[in-house]
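Engineer: Here it is, the structure in full.
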Amino acid sequence: MQSRKRLLVEKLARLGVEDPEGAARSEITEDIPQVALARLERLVRTNLMRRRESMDIWWANLQRERDRRPESRPAVVAEVIAKCLDAGITLDELGVIVEDVASGTAHGFAYLLGDPYDDELGDPSDLPSWVLCEVSPDDEGGQLTGRTMGGLHEFLGPKE
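Throughout, my numbering is defined as the position within the sequence shown, counted from one, plus 1288.
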């Protein structure tokens, strides 16, 4: 048990969890897949929410797409960005907005994964639903563990 906790703490620390000891304890005592949740959170935050670091690339891609397909959605976005830049707003300042929108979108999506209720549909009990499940590491066979990754919105909410 002690070596399992130590391994969990090491993995959670590597993933940047603020309290790896507490998260490891939660994984062991409450059977919550904390390592899987931390890995997903890290991937979402680094790949979707940290856009400021790549705003120049994003802007160049939008301009290329605008030139290639002037009627496309990216072309419309490029025109709006160009107006912002002409007004003196920097790409870094726009990046703040982009990160906030990405964060809100990830949080909203995670909330919907856990609570798919739709007021307009009424009782959804006759409709399919879904669940996000943990899979063991490849070196352990890459099999479903049977543990669900609920409460994602708590992990993917806005960070202070």
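Positions of the beta carbon are idealized from the N, C-alpha and C atoms, including for glycine.
#1: Going by the DSSP bridge assignment, what does T1436 pair with across the sheet?
#2: Using only the alpha-carbon positions, how far apart do T1317 and D1427 sit?
#3: Report yes if the C-beta distance between H1395 and G1429 is below 7 Å; otherwise report no.
#4: Drop a sphere of 10 angstroms on the beta-carbon of R1302, count the other beta-carbons inside from all chains shown, and report buried for 16 or more, exposed for fewer.
#5: Under DSSP, the alpha helix (DSSP H) around S1391 begins and ends at which residues?
#6: I need the boundaries of the alpha helix (DSSP H) containing E1367, first residue and last residue.
#7: In chain order, what residues of the same chain lie with their CB nearer than 6 Å to the CB of H1311, ignoring the 5 residues before and after it?
#8: Using three-state DSSP, classify V1332 as helix, strand or coil.
Structural biologist: Checking against the coordinates, here is how it stands:
#1: Position 148 of the sequence shown, counted from the first residue, corresponds to residue 1436. BP columns for T1436 point to C1421.
#2: Here residue 1317 refers to the residue found at position 29 when the sequence shown is read from its first residue. Here residue 1427 refers to the residue found at position 139 when the sequence shown is read from its first residue. Looking at the two C-alpha atoms, the distance is approximately 24 Å.
#3: As a position in the sequence shown, residue 1395 is number 107, starting the count at 1. As a position in the sequence shown, residue 1429 is number 141, starting the count at 1. Remark: C-beta atoms of H1395 and G1429 do not approach each other more closely than 7 Å.
#4: Sequence index remark: in the sequence shown, residue 1302 carries index 14 (1-based). Counting Cβ neighbours within 10 Å, R1302 comes out exposed, since fewer than 16 surround it.
#5: Here residue 1391 refers to the residue found at position 103 of the sequence shown. DSSP places S1391 in the uninterrupted alpha helix (DSSP H) bounded by 1379 to 1402.
#6: Position 79 of the sequence shown, counting from 1, holds the residue named residue 1367. Its alpha helix (DSSP H) spans residues 1361 to 1374.
#7: For the purposes of this step, residue 1311 is taken as residue 23 along the sequence shown, with counting starting at 1. The amino acid at residue 1311 is misidentified as His; the sequence shows Ala. Hits under 6 Å: L1300, V1305, Q1322.
#8: The residue labelled residue 1332 in the question sits at position 44 within the sequence shown. V1332 falls in the helix class under three-state DSSP.
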